[in-house]
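Here the structure comes first, spelled out in structure tokens, and everything after it is commentary.
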Amino acid sequence: MVERTGATFPIGYGLKVPQDADKVGAYWEERRGIIHATNFTIDAKKQVLQACFATGPIGRIAAVDALSSIRGTKKRKAQGG
């Protein structure tokens, strides 16, 4: 997936329901066999800084919002916060 998107970070794709959903704490739906939108911001130490879970079209993180959040986190760290 990284090769197809040009992303410089890992992307979870093709996960198994419910095994992989349960590993990350994502909401999943048995009837359709899907994992609902699950977004994580992870730092260089592989620790979760933020998580967002959505069970519908409202509440998903847009790329621009994720970048803004990451920039804000970096700025606060640089300021000692």
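Counted from 1, the sequence shown has number 341 at position 54 by our numbering; the numbering is strictly sequential.
In this text, a Cβ means the ideal position worked out from N, Cα and C, and glycines have one as well.
Bear in mind the structure is a predicted one, so any value in this text is a computation, not a measurement.
Based on Cα-Cα distance, which residue from the options lies nearest to residue i?
| i | options | result |
| --- | --- | --- |
| Ala-324 | Arg-347, Asp-307 and Val-311 | Arg-347 |
| Asp-330 | Ala-353, Val-304, Pro-305 and Thr-292 | Ala-353 |
| Ser-355 | Thr-328, Ala-308, Leu-302 and Lys-332 | Thr-328 |
| Arg-318 | Val-351, Pro-344, Ala-338 and Val-304 | Val-304 |
| Thr-360 | Asp-309, Ala-349 and Val-335 | Val-335 |
| Thr-342 | Ala-294, Gly-367, Glu-316 and Arg-363 | Glu-316 |
Following the continuous beta strand (DSSP E) through residue i, name the residue where it begins and the one where it ends.
| i | result |
| --- | --- |
| Thr-325 | 325–329 |
Go to residue i, then tell me how far its alpha helix (DSSP H) extends in each direction, as first and last residue.
| i | result |
| --- | --- |
| Leu-354 | 350–365 |
What does DSSP give as the partner residue(s) for residue i in the beta ladder?
| i | result |
| --- | --- |
| Gln-306 | BP columns for Gln-306 are empty, so no partner. |
| Ala-338 | Phe-327 |
| Glu-317 | Glu-317 pairs with nothing; no bridge assigned. |
With residue i and residue j assumed to form a contact (beta carbons below 8 Å), what rounded beta-carbon distance in angstroms separates them?
| i | j | result |
| --- | --- | --- |
| Ala-313 | Phe-296 | Their Cβ separation, rounded to whole angstroms, is 18 Å, which puts Ala-313 and Phe-296 out of contact at 8 Å. |
Evaluate residue i with the Cβ neighbour count: other Cβ atoms within 10 Å of its Cβ, from every protein chain shown; 16 or more gives buried, anything less gives exposed.
| i | result |
| --- | --- |
| Ile-298 | exposed |
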